[in-house]
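Enquirer: Residue numbers (the working numbering): 6 to 156. Where is the CB? At the ideal position from N, CA and C, for every residue including glycine.
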Ligand code: IDP
Ligand code: MG
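Spelled out as structure tokens, the structure:
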């Protein structure tokens with residue numbers, strides 16, 4: 006097993022549309038394990054650091070104002086192959102290209118309002134987790150259901 010952690014965030018549109026519970030439930034039901042969660046507003050500086058790789062792109066300024074337009078639900082989830090598994094549950098960046106059954110495919114219409122962020126690699130996950138959480142905010146706990154999720 007390659008146990009990984011990934012950083013997921015319900016974006017301001019997901020919060021405003023009342024989809025936090027729906028979104029969280031999809032990761033829970035899949036069998037992923039919640040390690041940390043925080044309902045918070047992110048500063049412009051944090052948004053710029055988080056999306057530093059996109060600086061200079063034409064959508065960058067609107068992306069920063071979108072991400073700072075209201076509170077977000079920041080989370081860390083853990084599981085075997087969690088980074089790729091969660092990207093699959095989210096769907097493609099453009100909701101119109103996302104398959105039905107994915108979060109973006111089921112609830113979104115445009116790339117600029119695509120409901121959720123998820124790390125794209127274990128390296129990105131480590132960087133993003135440390136941007137939003139202190140080490141002591143990550144919970145280490147056993148879960149008896151794991152015996153019925155992993156063989
Ligand atoms: P990802 O969220 O699927 O990893 P990225 O390419 O990393 O997609 O882009 C980060 C975020 O920037 C997207 O989730 C979306 O919110 C926004 N974004 C990306 N491309 C566009 C675009 O062409 N128009 C508007 N927003 C965009
Ligand atoms: Mg990305």
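(1) At a cut-off of 7 Å, is residue 125 close to ligand 2 when judged by its beta-carbon and the heavy atoms of the ligand?
(2) Per DSSP, what kind of secondary structure is residue 113 in: helix, strand or coil?
(3) Can you list, in chain order, the residues of its chain with a C-beta nearer than 8 Å to that of residue 125? Leave out the 5 residues immediately preceding and following it.
(4) With DSSP as the reference, please indicate the residues paired to residue 105 in a beta bridge.
(5) Please list the segments of the alpha helix (DSSP H) lying wholly inside the segment 10-34, counting only runs of 4 or more residues, in order along the chain.
(6) State yes or no: is the C-beta of residue 94 within less than 8 Å of the C-beta of residue 16?
(7) Starting from residue 59, follow the beta strand (DSSP E) in both directions and report where the run begins and ends.
(8) Around the Cβ of residue 149, are there at least 16 other Cβ atoms within 10 angstroms (buried) or fewer (exposed)?
(9) I'd like the span of the beta strand (DSSP E) that includes residue 6, first residue to last.
(10) Going along the chain, which residues of its own chain have a beta-carbon closer than 7 Å to the beta-carbon of residue 115, five neighbours each way excluded?
(11) Report yes if the C-beta distance between residue 79 and residue 45 is below 8 Å; otherwise report no.
Expert: Based on what the coordinates show:
(1) Within the cutoff, so yes.
(2) Correct three-state label for residue 113: coil.
(3) Taken in chain order, the residues that qualify are 88 and 92.
(4) Answer is 107.
(5) The segment 10-34 contains these whole alpha helix (DSSP H) runs: 17-21.
(6) Judged by beta-carbon spacing, residue 16 lies beyond the 8 Å limit of residue 94, meaning their Cβ atoms are not closer than that value.
(7) In the DSSP annotation of this structure, residue 59 is not part of any beta strand (DSSP E), being labelled neither H nor E.
(8) A residue is called buried when at least 16 other Cβ atoms come within 10 angstroms of its Cβ; residue 149 does not meet this threshold and is exposed.
(9) Boundaries cannot be given for residue 6, as no beta strand (DSSP E) includes it and DSSP labels it neither H nor E.
(10) So the list reads 100, once near-sequence residues are dropped.
(11) Contact: yes.
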